[in-house]
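For reference, the structure is listed below as structure tokens.
Residue numbers (this note's numbering), protein chains in the order written: chain A, 1 to 219; chain B, 1 to 618.
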């Protein structure tokens with residue numbers, strides 16, 4: 001049995017497919033792809049798949065890791081080609097590697113958020129991102145019970161930048177995305193909207209990749 | 001996908017219901033096809049995507065070079081609200097194009113309570129809901145499925161119905177539509193020609209007259225339409241089209257697995273069961289063909305479960321051969337084979353073991369009635385000893401949860417029969433504890449689901465009165481009181497929903513007005529407990545001057561003209577009358593393989609019926 005790390009992109013309308021559903025979709029894809037899978041040895045044998053960092057609904061991903069376990073001879077290139085032949089439109093395997101880092105090394109995720117171009121938008125966003133009063137409401141557990149919690153997002157923004165092109169305003173932001181701490185870019189936007197008193201809906205959100213504690217790309 | 005749709009996807013629950021893009025969906029160039037077909041299922045994505053009829057017809061239409069079939073489902077209420085706010089018309093999943101611009105819109109009618117959704121979808125599409133207000137040839141609106149056997153309650157909304165099996169009929173219809181469209185013919189001309197295709201029922205070509213008491217006096221065909229419309233069937237299951245690919249949904253749907261039919265029809269003749277009589281005669285698919293279908297579908301979908309579909313799986317004549325063929329490769333591929341609709345009387349022990357090699361599934365029995373007398377009335381030829389014997393085997397095989405299905409309100413039912421349900425469940429519980437091989441350290445759970453009986457057309461009980469809601473309520477209460485152990489859990493169907501189903505099932509054209517008005521008042525998703533608005537329905541009946549009890553709770557005389565008497569599903573009316581009389585005497589009818597009781601359905605297949613030729617010495 002050996003473990004391989006599959007890197008894939010998820011773009012287009014498939015971004016509206018939730019994490020759980022992508023898991024099922026990938027499980028079926030590896031079954032279709034003629035890959036000699038290792039099956040768990042319980043009462044309900046199933047292939048082993050580990051998505052290291054779930055993706056929020058409505059977010060595209062360019063560099064998403066997925067670990068699978070295989071048994072038998074197959075090259076990394078074959079795994080990639082076989083999978084790409086059977087994956088639904090929107091998901092593409094970009095490379096297959098050894099798992100160099102452990103999932104515990106995951107700490108941050110880099111996002112690009114696209115907005116419809118508007119006057120003063122860059123300045124407004126900048127003002128909001130600089131403030132230390134960005135607060136959003138999030139479902140969380142208080143004393144073991146599910147409650148709506150207020151979360152301060154400002155202290156979690158590791159890094160951000162804003163730029164403009166002909167069509168849109170783009171925010172690049174690095175947010176916590178590890179096993180212990182995780183901030184969804186939608187939460188950040190909620191907080192920004194609350195701060196500015198606006199109702200901005202992004203055109204698109206793209207997760208560029210995952211990073212470790214030192215902001216080195218996860219491998 | 002249209003941009004205005006994409007914009008709202010972030011605002012709704014489960015947006016993947018509306019995006020399309022699933023594996024194996026069919027994309028064509030719309031400029032290269034002559035016909036665009038919107039296959040509509042009047043319920044949500046999760047329900048509709050599970051429908052086998054839709055999967056078959058979707059692939060069948062798309063196998064034609066000249067047509068492109070796309071899928072459409074009823075948007076859930078949150079999506080509908082946004083669509084109406086922003087004037088987004090109903091669109092098809094594959095192209096995202098609006099279905100009002102399509103050539104044909106086909107609805108699959110699996111249950112009566114979807115009728116308001118059909119109206120709602122037409123309206124969301126931007127089309128008039130009444131057939132007479134849609135003047136152009138396209139889009140033509142058709143419907144098929146189980147409810148097409150009595151389509152009268154929705155006769156005003158649908159241009160024509162397909163009775164019976166669609167595999168050949170659909171192609172005939174599309175050929176005609178293509179020609180009429182090319183020649184610029186009118187909708188009326190098309191419908192007149194369509195009525196000549198076997199299985200096609202054009203309600204506008206039939207006039208219905210009523211007696212003073214509200215019953216049907218007569219139905220008269222005009223414009224050369226046939227006096228009786230006979231349902232269409234497929235004669236050879238081995239050569240008929242079957243898909244080698246299923247669209248594989250992203251989101252979890254109700255039946256998310258490979259499904260292969262093993263035969264159509266049913267040999268058992270349980271008197272309450274509409275599916276049995278609507279789908280006769282028996283036609284089996286051969287082992288090799290089923291095996292090949294399963295292999296192809298598993299390979300193209302990646303599913304890890306196969307379900308063999310029929311009305312009574314264990315009645316398939318070559319079941320052991322089929323299972324060993326399937327399991328010879330499925331086990332290695334970690335694919336589970338599920339066999340729903342098993343009969344308790346012939347559940348072979350070695351099959352339990354074989355089927356459990358990969359994964360264990362649930363165990364469900366349907367004794368339907370609590371006492372032997374009542375089981376004889378409904379011709380469910382299952383004895384208590386058989387139920388207990390099979391449960392014991394299952395418990396020895398490691399199961400510790402059993403589901404039992406019953407019906408309340410069956411003809412001639414008494415409170416004693418209701419108590420019988422609780423007693424039978426108790427005996428199953430006891431069978432577990434007295435069983436020396438029972439799973440160690442585990443308790444048993446017997447889940448009893450009691451639905452309310454709804455008399456349906458084309459069954460021996462089509463003349464029967466449905467129990468009134470009050471009677472059903474009393475019976476549910478009595479059953480609750482009769483259960484004394486916590487090992488038995490009870491589940492009931494909502495009585496008002498069953499009542500409305502009973503009204504529609506045997507309704508006539510006068511109900512069109514009620515359905516239209518109730519929909520205008522906001523009724524939709526009537527089969528969903530949380531959307532069902534019984535008071536609105538009752539108010540609407542009053543406004544229309546109609547009594548719902550006239551349809552549901554009234555016993556009909558054999559001499560009465562039934563609203564569906566001009567439709568022919570192959571079963572002789574005299575046979576049904578005779579079965580009904582036998583029911584009162586609690587006299588059973590042997591199943592078809594033992595003795596043919598001449599229901600008449602084999603005339604549809606040139607006198608052939610697989611129940612006879614495979615197992616009977618003639």
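Heads up, the beta-carbon is just placed ideally off N, CA and C, and yes, glycines get one too.
Under 8 Å, Cβ to Cβ, is there at least one residue of chain A near residue i?
i, result
"residue 19 (chain B)", "yes"
"residue 1 (chain B)", "yes"
"residue 441 (chain B)", "no"
"residue 549 (chain B)", "no"
"residue 397 (chain B)", "no"
"residue 330 (chain B)", "no"
"residue 9 (chain B)", "yes"
"residue 15 (chain B)", "yes"
"residue 231 (chain B)", "no"
"residue 618 (chain B)", "With a pLDDT of 40 at residue 618 (chain B), under the threshold of 50, the predicted position of this residue should be treated as unreliable, and no value is reported."
Nearest chain B C-beta to residue i closer than 8 Å, yes or no?
i, result
"residue 3 (chain A)", "no"
"residue 114 (chain A)", "no"
"residue 107 (chain A)", "no"
"residue 81 (chain A)", "no"
"residue 68 (chain A)", "no"
"residue 17 (chain A)", "yes"
"residue 25 (chain A)", "yes"
"residue 145 (chain A)", "no"
"residue 48 (chain A)", "no"
"residue 36 (chain A)", "no"
"residue 74 (chain A)", "no"
For residue i, write down the residues that DSSP places opposite it in a beta bridge.
i, result
"residue 149 (chain A)", "A:138"
"residue 284 (chain B)", "B:263"
"residue 176 (chain A)", "A:108"
"residue 338 (chain B)", "B:307"
"residue 37 (chain B)", "B:69 and B:104"
"residue 491 (chain B)", "B:449"
Would you mind reading off the limits of the beta strand (DSSP E) that contains residue i?
i, result
"residue 261 (chain B)", "258 to 261"
"residue 68 (chain B)", "67 to 73"
"residue 276 (chain B)", "Premise fails: residue 276 (chain B) lies in the alpha helix (DSSP H), 274 to 278, not in any beta strand (DSSP E)."
Given the structure, does residue i come close to the ligand GTP, in the sense that its CB is under 7 Å from one of the ligand's heavy atoms?
i, result
"residue 161 (chain A)", "Ligands are entirely absent from the displayed structure, and the ligand GTP is therefore not among its contents."
At what residues does the alpha helix (DSSP H) containing residue i begin and finish?
i, result
"residue 626 (chain B)", "The structure shown does not extend to residue 626 (chain B), since chain B is modelled only from 1 through 618, so no value can be given for it."
"residue 67 (chain A)", "Looking at the DSSP string, residue 67 (chain A) is not in any alpha helix (DSSP H); the run it does join, the beta strand (DSSP E), is 59 to 70."
"residue 578 (chain B)", "573 to 584"
"residue 190 (chain B)", "187 to 194"
"residue 620 (chain B)", "In the structure displayed, chain B extends from 1 to 618; residue 620 (chain B) sits before or after that span and is not available."
"residue 16 (chain B)", "Where residue 16 (chain B) is concerned, there is no enclosing alpha helix (DSSP H), given that its DSSP letter is neither H nor E."
"residue 195 (chain A)", "185 to 196"
"residue 520 (chain B)", "511 to 520"
"residue 94 (chain A)", "Unbroken run through residue 94 (chain A) is the beta strand (DSSP E), 91 to 97; no alpha helix (DSSP H)."
Which bits of chain C does residue i rub up against, with CB to CB less than 8 Å?
i, result
"residue 301 (chain B)", "The displayed structure is made up of protein chains A and B, and chain C is not among them."
Taking 8 Å as the cut-off, does the segment 53 to 60 of chain A touch the segment 2 to 21 of chain A (at least 3 CB pairs, one atom from each stretch)? Taking a cut-off of 8 Å on C-beta distances, the segment 2 to 21 of chain A touches the segment 53 to 60 of chain A, as three or more cross pairs fall below it.
So, does the segment 165 to 177 of chain A touch the segment 106 to 123 of chain A, judging by three or more C-beta pairs under 8 Å? In short, these stretches touch, since the Cβ pair count reaches three.
Kindly confirm or deny that the segment 207 to 217 of chain B and the segment 232 to 245 of chain B touch, where touching means at least three C-beta pairs closer than 8 Å. Flag = no, the segment 207 to 217 of chain B and the segment 232 to 245 of chain B do not touch.
Counting pairs of Cβ atoms below 8 Å between the segment 509 to 519 of chain B and the segment 463 to 481 of chain B, do you hit three or more? No, because fewer than three Cβ pairs between the segment 509 to 519 of chain B and the segment 463 to 481 of chain B fall closer than 8 Å, the two stretches do not touch.
Could you check whether the segment 576 to 583 of chain B touches the segment 489 to 496 of chain B, counting it as contact only if at least three pairs of C-beta atoms, one from each stretch, sit closer than 8 Å? At 8 Å Cβ cutoff, the stretches do not touch.
Going along the chain, which residues of the segment 87 to 102 of chain A sit with their C-beta nearer than 7 Å to a C-beta in chain B? So the close ones are 88, 89 and 90.
Beta carbons nearer than 8 Å to chain B: which residues of the segment 189 to 209 of chain A have them? Listed in sequence order: 201.
Specify whether the segment 191 to 198 of chain B and the segment 222 to 239 of chain B touch according to this definition: at least 3 beta carbon pairs, one from each stretch, less than 8 Å apart. Between the segment 191 to 198 of chain B and the segment 222 to 239 of chain B there are three or more inter-stretch CB-CB distances shorter than 8 Å, so the stretches are counted as touching.
Just by C-beta distance, which residues in the segment 241 to 258 of chain B are closer than 9 Å to chain A? So the list reads 248, 249, 250, 251, 252 and 256, given in the order they occur along the chain.
For the segment 112 to 122 of chain B against the segment 475 to 485 of chain B, are there 3 or more C-beta pairs whose distance is under 8 Å? Touching, no.
To be precise: take each residue of the segment 280 to 298 of chain B, compare its Cβ to all Cβ atoms of chain A, and keep it if any distance is under 7 Å. Which residues remain? For the segment 280 to 298 of chain B, which is checked against every Cβ of chain A, not one residue is closer than 7 Å.
Would you check if there are 3 or more beta carbon pairs closer than 8 Å linking the segment 264 to 272 of chain B to the segment 371 to 388 of chain B? Counting Cβ pairs under 8 Å, three or more are found: they touch.
Can we say the segment 98 to 117 of chain B touches the segment 131 to 148 of chain B, given the rule of at least three CB pairs closer than 8 Å? Cβ pair count under 8 Å is three or more, so yes.
Any residues in the segment 301 to 330 of chain B with a beta carbon nearer than 8 Å to a beta carbon of chain A? Which ones, in chain order? Correct list: 301, 302, 303 and 304.
According to a CB-to-CB cut-off of less than 8 Å, which residues of the segment 19 to 44 of chain B neighbour chain A? If the cut-off is 8 Å between Cβ atoms, the segment 19 to 44 of chain B has 19, 20, 21, 22 and 23 near chain A.
For the segment 169 to 176 of chain B against the segment 56 to 74 of chain B, are there 3 or more C-beta pairs whose distance is under 8 Å? Contact holds: three or more Cβ-Cβ distances are below 8 Å.
Any contact of the segment 195 to 207 of chain A with the segment 59 to 71 of chain A, i.e. 3+ C-beta pairs under 8 Å? Judged by Cβ distances under 8 Å, the segment 195 to 207 of chain A makes contact with the segment 59 to 71 of chain A, as three or more pairs qualify.
Quick check: the segment 157 to 165 of chain A against the segment 81 to 88 of chain A, are there 3 or more CB pairs under 8 Å? These segments do not touch.
Proximal residues, the segment 150 to 168 of chain A versus chain B, C-beta separation under 8 Å: Cβ contacts with chain B: none found.
Sufficient close CB pairs (3 or more, under 8 Å) joining the segment 364 to 373 of chain B to the segment 417 to 431 of chain B: As far as the Cβ criterion goes, the segment 364 to 373 of chain B touches the segment 417 to 431 of chain B, which means the pair count is three or higher.
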